[in-house]
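Dropping the structure here:
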């Protein structure tokens, strides 16, 4: 039921665009610059290493014709750059460059820039950089990612519970192992098939294109998925070989551990840890973090099933899992602190970036999880003590029953429901443990969902690094930036909206809008609308159709038909009941 509820929430709430992880740091030529002579090439620099596509660059001439360019590659700066050569003899005027790359942690990112040779064109050519992702492909891909994380936790945690905690009745645990394995296989195949359209921003119908599949099987994310399938096949063979054994030898445990580490590496090799600073340390930390999470949450699921469905559950099994869970929590804390420092980079990023706010939510959920775990540990200790008391009582019965005088009262046997036997107390402890473990599983699923969302969010360190880059450009402005203050009239209901129109001229424009709160930090709002009206010509309002991009609002297709002084109206809704509209003039040039 918990898994079903989570999947419904993910399907309904996961259709929005995913945030890419590689942020653009700079361009050569600078965006909006006017050059005396034609450049020999275009170089983009990102906050992390990027992969290139067959169509990573598209260059349009001033008369809106596509320019023949060289093959895209990495520049002298390394894998965090993308470069393409330009032909000789480029004509005077403004050129538009649309680009699309894949960040090292597997997420696509795209954009556009302009530069001019000699002088700017009266009307620049306009190129749509294309969506970051197709909505249908993005939703299916994200569902596959969520299912893969949940299934990995179920398989690794349940297998570890069987091998290390040694429950007496393993029957209830066979089905979750089989379901988890098949779910992980199916989600991995789906991710492999959808990888190419996800990178290209196209629909699911292009998934089986031969060239796209070939690119998938040679890229790092695709190779990681193929490796995951191979490891799952080996794991299935090992499970069949060990089926029915009561205990496991050291070689078998070592093989299982190696498979679990290998599976965790298939995630670490294609996400945050594979890019940025201290990659080897980050990879090791990511593997340990994922394994610890799987041991804890998957083991909790196995414990919960055993508590409800197993014919018996020895207190020793619960005690072994309690020690395993404590070790997992310790590893989670250590690796989590490191990953927080690596991902954020500063204290301000906790509140000023989407990544930081998600991390705060995860930390809060983890605190709740630890509180529930503390209750479970107390029930485990009480259950273990009760079992010890029952064994002691049984020994006393055996010793004292024979010399007892004839006609005297006889002591109850350990199986009788008398207070001396401790059986009722043990049942109460078991019921209490069921409730606390169920609470742990519920909060644990929430933690796992937030963790998965974090893997699709731009890290705070990269966001701040990109924002810290100075705006460059000479002559022609790169974009039109307008700031509109607003005041809802409620406490903390003041702020401003910063709207960027790029290129800020007649024709198609991209729009980016960021809402700042009263303290100057980035603020999230449930709704933001933007429209333009030209009163002098009675044109408008033109709806920008902004969509939430995770921390900012944007649109890729606002068309401004003619030059003039337009009225830009921003409507900000800060709650279910409170919203306000504010207007400011903006000059659009031809």
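Residue numbers (our numbering): 3 to 592.
All residues carry an ideal CB built from backbone N, CA and C; glycine is no exception.
Values in this document were obtained by computation on a predicted structure and should not be read as measured data.
In the assembly as shown, residue 539 is an exposed residue. Its beta-carbon has fewer than 16 other beta-carbons within 10 Å. Looking at 507, 513, 430, 508, the one whose alpha-carbon comes closest to that of residue 500 is 513. Ranked by how close their Cα comes to the Cα of residue 195, the residues 227, 57, 179 have 227 in first place.
By the criterion of a C-beta distance shorter than 8 Å, residue 264 is surrounded in its chain by 229, 233, once the five residues flanking it on both sides are discounted. Taking the C-beta atoms as reference points, residue 328 is found no nearer than 8 Å to residue 305. Just measuring C-alpha positions, the residue of 535, 162, 50, 483 sitting nearest residue 28 is 50. Closest option to residue 485, judged by alpha-carbon separation, among 498, 298, 492: 498.
Going by beta carbons, residue 160 and residue 175 fall inside the 8 Å limit.
Rounded to the nearest whole angstrom, the C-alpha separation of residue 111 and residue 199 is 13 Å. Cβ-Cβ distances below 7 Å link residue 254 to 244 in the same chain, with the five nearest sequence neighbours on each side left out; the list follows chain order. Your pair residue 40 and residue 119 checks out as a contact, with CB atoms roughly 5 Å apart and the cut at 8 Å.
In the three-state DSSP reduction, residue 38 falls in the coil class, being neither helix nor strand. DSSP places residue 140 inside the alpha helix (DSSP H), whose first and last residues are 137-162. The C-beta of residue 341 has 16 or more other C-beta atoms within 10 Å across all chains shown, which makes the residue buried.
Closest in alpha carbon position to residue 571, among 560, 581, 531, 591, is 531. Exposure of residue 216 is indicated by the presence of fewer than 16 other C-beta atoms within 10 angstroms of its C-beta. In the same chain as residue 171, and ignoring 5 residues on each side of it, the C-beta atoms closer than 8 Å to its own belong to 308, 312, 313, 314, 315, in chain order.
In the three-state DSSP reduction, residue 341 falls in the helix class (H, G or I). Sixteen is the threshold: when 16 or more other Cβ atoms of the shown chains lie within 10 Å of the Cβ of residue 558, as they do, the residue is buried. Per DSSP, reduced to three states, the secondary structure at residue 102 is strand. Between the C-alpha atoms of residue 197 and residue 147 there is a straight-line separation of about 11 Å. Its chain contains 503, 504, 505, 560, 562 as the residues whose beta carbon lies nearer than 7 Å to that of residue 511, once the 5 sequence neighbours on both sides are disregarded; these appear in chain order. When rounded, the separation of the alpha-carbon atoms in residue 375 and residue 149 is 25 Å. Beta-bridge partners of residue 487 (DSSP): 498. Following the DSSP letters along the chain, one finds residue 45 inside the beta strand (DSSP E) bounded by residues 43-48. Annotation for residue 95: 64, 123 place their beta carbon closer than 6 Å to its own, counting only its chain and skipping 5 residues before and after. Annotation: residue 25 to residue 48 spans about 5 Å, alpha carbon to alpha carbon. Within the model, the alpha-carbon separation for residue 88 versus residue 72 is close to 7 Å. Shortest Cα-Cα distance from residue 344 to any of 331, 332, 451, 358 involves 358. When DSSP states are grouped into helix, strand and coil, residue 541 belongs to the strand group.
Across the set 91, 59, 54, the C-alpha of 91 shows the shortest separation from the C-alpha of residue 42.
One Cα belongs to residue 74, the other to residue 224, and the distance between them is close to 20 Å.
About 6 Å separates the beta carbons of residue 326 and residue 297, which is inside the 8 Å limit, making them a contact pair.
With distances taken between CA atoms, residue 564 lies nearest to 541 out of 541, 208, 545, 221.
Within the same chain, Cβ atoms closer than 6 Å to the Cβ of residue 534 are found at 542, 544, 568, 570, the five residues on either side in sequence being excluded.
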